[in-house]
Structure formats: structure tokens, C-alpha cells
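Structure first, then comments.
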Amino acid sequence: MSAIEIGAWSLLAMVLLVVSGLHIAVALILLSLAGIWLIRGNFDIALSLLGQAMNDAIAGQEFGVVPLFVLMGLLVGVAGIGKDMFDVADRMLRRLRGGVGIATVFANAGFAATTGISIASAAVFARISVPEMLRFGYNPRFAVGVVAGSSVLGMLIPPSLLMILYAFLAEQSVGAMFLSGVLPGILLTLVFCGGILLIARVRPGYIGGTARGLQDGLVRGDLGRMVPIVLLVGLVLGGIYGGLFTATEAGAVGATGALLIALQRRQLDLAGFWRVLIETGHITVSVLFLIIAANLYSRMLALSGLPQAIVQAMVDAELGVAGFLAMFVVLVLVLGFIIDSASILLITVPLMLPVAQALGIDLVWLGVITIIAVEIGLLTPPFGLVAYVVKGTVDDDRITLVDVFAGAAPFALMMLLTLLVIIAFPWLATALV
Amino acid sequence: MAPPGRTPSGDGPPGPLSGSGPAGYRRPQFLRIERVGAALNALGTIWIFALLVLVDADILGRELFGAPVRGAIEIVGLSIVGIVFLQLPNALWAGRFTRAELLIDALGLRRPRLAAGVQGVLHLLGALALALVTVAVWPEFLRAVEIGDYVGAIADFTAPTWPVRLVMVIGSALTAITFVLLAVADFQVAASRAPGDGGARP
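Protein chains in written order, with the numbering used here: chain A, 707 to 1139; chain B, 10 to 211.
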């Protein structure tokens, strides 16, 4: 068997084992070891590469972004910022048909600027805005769909755990990846709002809801409570943009600010803070151990020559940039039906990176494309993690998992549309970087 | 100590890839060895907070007094490795290792004992992987001790790397043991008479 064949077989085995439920890090480590062993005919070489990966893969100041931004997101969640954002948007938009849905989108976009985890956004807004929409007679399917759909903003608008993961895999700066998500995030927010308004016009029955004037309008002090969090987000992102902070430092500033806000709102006691720190640790471990395993996998791929063979095949087929992107996006979307988002990034990015480089594709732009394509997978059955979280959090027998997936489908379509726009206009991703 | 996991108050989210999963996770283990993992995890948790304070001090020192903390960059890099390996066993015990659990969960609903058996095999593979990791990092620890490996620059700031290498050995070994115990629990469910026993059902 040639080295390329060994690489291809271990890749296939990896996907099968991951689908059958093997921990992804374990699959990456074992099959990379086996691949290196077979290619080099020497197990000691494989073990020594494993040791190097363990030592070096995450030994750098830049990896501090993971715990610090995760901590920031969790603290903002505990402080109840998500609910405040929703309340403000809800009071402003309630009179509109579909207004509570649009409020959910805006609140999600704002919350996304403080947290990097879509699952977190989905859980928060499933608890806050679904009951509000049901109270106003919205179609339950639309209500859960809008929450699931707009929660993907969490990992597109910085900070974003998926962007951090991509930055590490593609050896791009985390700060650059964060900034690349700003305009696409705003675009997707607007597309979601436009889509809801369109549905409200064409098929108002699908959204449902009564738009009676309630005693509302903004309560004084609502906007005032938003000031600290707006300042914090401005400081964190502005600090990265202006070169004042590295991404890790921005994470520390963000986490510290979020801690102060949570304390000032009296939402955090010592036990609560301890729980948040433990949760931070668990998320950090689950992400960074994957990075270590992916490092070994990249070494195996490099030894196998598989990526180079793909580059050659692409060149021979004269696919070009457009052809490659089309193939890559389809691959990611298909994988999105069967495996989870982190695994897709871990398996495809090291494989496709040499191809993208050979074609001269901007890796930051490719990152945004990859993330949106991966996030569509969060909404599609059977592995649409976000849908499970929404279903689990809402916990209402009238709302089934099918409702969530069906409700999220229009939003997945809108994401696909946005993805095409970003492919057509790369400056959307690269302008701020 | 509060059980690790979700934050019940505020809009606290569940973990991104949470779900305590099928049998075995978050359960007492042989000799209550999960307590050792919990202790290491607590140490790592404190370390994360220390990291936050360190980076803040570095920024404040640099911006306000023109004096950054010496060695901060090196310490952060080394700390991340230490934190991950300190928390690895507890993260596994809590079922927080990233995996696609959909198929195995679906199988668990219909054939709980078969699912537990499959799960046991998967956990044994995990034990194999982490045992290999332990074997791979052990010589790195010995080397760090022997040559007195350090990060930083002499005459400015240096920190030895052997403590972190030792943490890597201990963390990966304990994770391998945790995997074995999870597999044992799975096989016990698989071999049990009562179908659905062992937490495969609510």
C-alpha cells in the first residue's frame, strides 16, 4: 500500500469511528499513530511524534484565548445580559408582525458579541424568547426555528470558539479571524431580519402572533443598563482591531470586565463563580485536547502525501478557485449531516489547507466560508446540535424535534444565501482584517 | 464542592458539547478514584483564575507603568499545557470529551445492553490511546529533568519545564485509568440481566 493510500484509509476509518461514537480526540490519535507507523514502518517514530504533539501543540501564549474568552462568555451569561438585550429589543419591536422574532435575532447578535458558543446562545434564548413568542400566539415552529437559526450568530460574530479552532488549525491569527467575522455576522443578522419580514408579508400565518399594541415602549434605564456591556465589547474588539491587545489579552480584559459586571449586578457569588470556572476548564480541555490530537493528525497527513495528491488532482482537473470552493462547501455541508462541527473542522481543514494555499486562496476568507458552512450543519438533522439544545431547553411536549428542525430550515437556507454572497464578495471577510 | 457542570443560575448555558451521555459518566468509580481527578481539576481551575490575574497584571503593568510582568508570555504558554492535563481526567469522567453520541444514544434506546457493550469497546480504545500518550510523554519528562529544560532567557526569567511534563504524565495516566473504569462499568451493564439497567434510561 502506498503512503497516500494509507492516509486515505485512515481518514475513512476515522470518519466511521467518529460516527459510531468514538471520542474524536481518541480517533485522531489512534488512527494517526497507526498511519505514521504503517507509512514509516517504525512505531517508535510514531510515539515520538505523539510526544512532540503533546509538548508543543498548545504550548503558546495564543492558546490562552480559549479559557479567557470562554470565561467571558459564561460570566456574561450568568450576569443575565442576554435577557436584558432581549427585553430591550422586544419592547422596541413587539408591535411589528414577527417583531419578537426579529428581537430574538438582534438580541442574539448582541449576545454573540460577548460569547463564542452557539449552544450557549441557543440555550439562553430558548429559555427567554420562546415563552415570550408563545405568549403572543406565535407559531411554535417559527418560535423555536428563529431561536435555533439565530443562535448560529454566536460563533460567527466574535468572539467565537469555532474561529479560534480554525485559526489554530490554519495557523492564522485569532485576532484576524475574529475581525473577519464582524461584517459577515452583521450581514447574516440583516438577512435573518429581512427573511422574517418577508415571511411575515408573504405567509403571515406561518409566523402567527398578535401584534396588538401593548403598554410598552422603552422603559427608562433599559438602555442605561446596556452601557457597560457595550463599552466592554467595544474595548475588547476595538483593542484587537487597534493592535492594543493580543487576542489572549483581549480575552483577559473581556473576562475581567464580565466578572465586574456580574458582580455589580449581584448575580455572582463565590459558589457560582467556582462553577463557572470549572465549566470554563471543561470546555477548554475539550477544545485544546482536540487541537493536540489534530496536530498529530496533520503530521500524519503530511507524511502520507495525501494533501499533495489532492492538490495535484485539483490542478489536473483544472477546477480553479470556484470549483475548489464549491467542492469544499459541499463536502462540509454533507459532513454536517453526519458529524459534529468541531470534527468537521478537525478533519477537513488540515486536509484542504495545502490545496487552498496552492490555489492562492485567502485563508481568512476561507475561514469565514468554512465556519458558516459548518454552522449550517448545526441546524440540519440528524446531528444538528443546536436543535437538540433548543428542544431540550424548551422542554414542552407540544414542540417536537421535528418542529425545531423544520422551523430552522428557512434559516439554514438564509445562511446558504449569505454564504454565497460572502463567496462572491471576499472583502466582506477581509475588509476589517 | 459543587458538582462540576452546568451553571444553574442566570442565563447560564450548558456546556457546548454537554450531555452526560449513557451509563458510566459522573458516577463513583473503583476506590473513588474520580476524587483524585476532581482534586486535580480544582487545581487546574485555580490555575485558570491565576492565568487571568497574570495576563491582567501584565497588561496593567505595561500600559500604566511601562513594566510588563517578566516571563508572562512563557508562563501562559506553559500553563495552558498544565491546565489541560490537570483537567483531562475530570473532563472525561464528566462526559465532556467531544464525541458524536447520536448513533450510540439511538442504539441505547432500543438495545441498551448492546449499546453498553459497544460503548465499552470505545472506552477501551480511549484507554489504549491515553496509555500510548502516557508512554510518549514519559521520556519527555525524563529529558526535561536530565537537561534541566527551561523556558525564558537566562539572566532575565526562567521557569523549568519538568513540573508541567510531570503533570502531563500524571494527567494522561489517570485519564487512561478513568477510561478503563468506564469500560468496566459499560461491560457490567452489557452483562447484566435486567435490560436497560445502569442508567441507560432515565
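Glycine is no exception: its CB is placed at the ideal position from the N, C-alpha and C atoms.
Inset, instruction - Say whether the stretch 843-855 of chain A touches the stretch 1092-1110 of chain A, bearing in mind that this needs 3 or more beta-carbon pairs closer than 8 Å, one atom from each stretch. - result: yes
Legend entry - Per-residue burial, ASP793 of chain A [other beta carbons within 10 Å of its own, 16 or more giving buried]: buried
Inset, instruction - Kindly indicate if chain A contains any beta-carbon less than 8 Å away from that of ARG35 of chain B. - result: no
Inset, instruction - Just mark ASN748 of chain A as buried or exposed, buried being the case when its beta carbon has 16 or more other beta carbons within 10 Å. - result: exposed
Inset, instruction - Could you tell me the distance, in whole angstroms, from the CA atom of GLY126 of chain B to the CA atom of ALA136 of chain B? - result: 15 Å
Inset, instruction - Give every residue of the same chain whose Cβ lies closer than 6 Å to the Cβ of ALA47 of chain B, excluding the five residues on either side of it in the sequence, and list them in chain order. - result: ASN99
Inset, instruction - Determine the burial state of ALA826 of chain A: buried for a count of at least 16 other Cβ atoms within 10 Å of its Cβ, exposed for fewer. - result: buried
Inset, instruction - Would you please verify whether the beta carbon of LEU1051 of chain A is less than 8 Å from any beta carbon of chain B? - result: no
Legend entry - Counted within 10 angstroms of its Cβ, other Cβ atoms place ALA115 of chain B as buried (16 or more) or exposed: exposed
Legend entry - Anticipated Cβ contact below 8 Å, MET861 of chain A with MET883 of chain A, distance rounded: Their Cβ separation, rounded to whole angstroms, is 11 Å, which puts MET861 of chain A and MET883 of chain A out of contact at 8 Å.
Legend entry - Alpha carbon of VAL1108 of chain A to alpha carbon of LEU134 of chain B, nearest angstrom: 34 Å
Inset, instruction - Can you tell me which of the three DSSP states TYR34 of chain B falls into? - result: coil
Inset, instruction - Quick one: using the 10 Å Cβ neighbour count with 16 as the cut-off for buried, is PHE74 of chain B buried or exposed? - result: exposed
Legend entry - GLY901 of chain A classed as buried or exposed, judged by whether at least 16 other C-beta atoms fall within 10 angstroms: buried
Inset, instruction - In angstroms with no decimal places, state the Cα-to-Cα distance between GLY727 of chain A and GLY129 of chain B. - result: 11 Å
Inset, instruction - Have a look at LEU1125 of chain A and VAL1070 of chain A and give me their C-alpha separation to the nearest angstrom. - result: 14 Å
Inset, instruction - Pick helix, strand or coil for THR1086 of chain A, following the three-state DSSP scheme. - result: coil
Inset, instruction - Would you verify that the beta carbon of LEU123 of chain B is, or is not, closer than 8 Å to some beta carbon of chain A? - result: no
Inset, instruction - Please determine, among A:LEU893, A:GLU768 and A:THR810, the residue with the shortest C-alpha to C-alpha distance to LEU871 of chain A. - result: A:GLU768
Inset, instruction - Whole angstroms is fine: what's the gap from PRO37 of chain B's alpha carbon to ALA192 of chain B's? - result: 14 Å
Inset, instruction - Could you pull the start and end residues of the alpha helix (DSSP H) that THR821 of chain A belongs to? - result: Run containing THR821 of chain A: none; DSSP gives neither H nor E here.
Inset, instruction - Put THR170 of chain B into one of helix, strand or coil per three-state DSSP. - result: coil
Legend entry - Burial state of GLY30 of chain B, where buried means 16 or more other Cβ atoms lie within 10 Å: Residue confidence is low: GLY30 of chain B scores 44 on pLDDT, short of 50, so the model does not pin down where it sits. No coordinate-derived value is stated.
Inset, instruction - Give the DSSP-derived three-state secondary structure of VAL1139 of chain A in the structure shown. - result: coil
Inset, instruction - For ALA1032 of chain A, count neighbouring C-beta atoms within 10 Å of its own C-beta (all shown protein chains included) and say buried if the count is 16 or more, exposed if not. - result: exposed
Inset, instruction - Identify whether GLY949 of chain A lies in helix, strand or coil by the three-state DSSP scheme. - result: coil
Inset, instruction - Note down the Cα distance separating LEU718 of chain A from ILE55 of chain B, rounded to an integer number of angstroms. - result: 40 Å
Inset, instruction - Check each residue of the stretch 48-66 of chain B: if its Cβ is closer than 7 Å to any Cβ of chain A, include it; give the result in chain order. - result: ASN50, GLY53, THR54, ILE57, PHE58, LEU60, LEU61, VAL64 and ASP65
Inset, instruction - Give a yes or no on whether 8 Å exceeds the smallest Cβ distance from VAL146 of chain B to chain A. - result: yes
Inset, instruction - Would you identify the three-state DSSP class for ALA763 of chain A, choosing helix, strand or coil? - result: coil
Inset, instruction - Would you be able to state if there are at least three C-beta pairs under 8 Å between the stretch 74-94 of chain B and the stretch 1012-1027 of chain A? - result: no
Legend entry - GLY161 of chain B, DSSP secondary structure in three states: strand
Inset, instruction - State the DSSP-derived secondary structure class of GLY807 of chain A, mapped to helix, strand or coil. - result: helix
Inset, instruction - Using a Cβ cut-off of 8 Å (strictly closer), state whether ARG108 of chain B contacts chain A. - result: yes
Inset, instruction - With ASP65 of chain B as the anchor, note down where its alpha helix (DSSP H) starts and where it stops. - result: 43-74
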